Amino acid sequence: VDMAELYPSARIIGVDLFPLQTKIVPPNVRFKVSCPPSPKPLVDPLHADLTKIDNVEVEWRWGESIFDFIHARELTMTIYDWPNLVQEVYRALKPGAYFEISGFIPDFRSDDGTLPKDSAYVKVGKLNFEIAEQRNVSG
2 VDMAELYPSA
12 RIIGVDLFPL
22 QTKIVPPNVR
32 FKVSCPPSPK
42 PLVDPLHADL
52 TKIDNVEVEW
62 RWGESIFDFI
72 HARELTMTIY
82 DWPNLVQEVY
92 RALKPGAYFE
102 ISGFIPDFRS
112 DDGTLPKDSA
122 YVKVGKLNFE
132 IAEQRNVSG
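Here the sequence shown stands for residues 2 to 140, numbered as in the numbering used here.
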């Protein structure tokens with residue numbers, strides 16, 4: 002939404018696992034929910050009805066050199082094949098375009114040692130790593 006407001010002439014496509022919780026967005030923004038892969042042909046993201054899109058880990062249907070900017074966040078411990086994802090991102094970016102990724106790793110600590118190793122906060126962080134290992138995903 003911030004990008005849409007900064008660049009009102011841009012067309013913004015947001016992809017998430019869950020439906021957007023607010024319906025109030027700038028007119029140049031469209032949000033789509035990720036779904037399982039489908040054997041559909043390549044589509045033009047600016048003109049297609051994107052009621053369904055592919056999972057981010059499979060071959061993207063966007064085509065090549067489509068986007069000026071791709072932003073991803075909070076994918077830590079959710080991706081099975083990072084090299085493939087990055088390859089798809091760069092295939093979809095125009096020459097000179099940008100890829101930005103952000104997130105956190107739940108390895109909770111304190112810089113002064115005051116966070117107890119047996120705190121619920123630390124335990125939840127460790128649980129995240131255990132689940133990721135069981136699912137065979139990495140950060």
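Backbone N, C-alpha and C define an ideal beta-carbon position, used for all residues, glycine too.
The model shown is predicted, which means the values in this text are computed figures rather than measured ones.
Under the three-state reduction of DSSP, Phe-109 is assigned to coil, being neither helix nor strand. Assignment of Val-87 by DSSP, reduced to helix, strand and coil, places it in the helix class.
Around the beta carbon of Trp-83, fewer than 16 other beta carbons lie within 10 angstroms, which makes this residue exposed. Per DSSP, reduced to three states, the secondary structure at Asp-3 is helical. In this structure, Asn-137 sits away from Pro-107, with a CB-CB distance that is not shorter than 8 angstroms.
Leu-94 sits close to Ile-71, with the two beta carbons spaced by under 8 angstroms. In the DSSP assignment, Lys-33 falls within the beta strand (DSSP E) that extends over 30-34.
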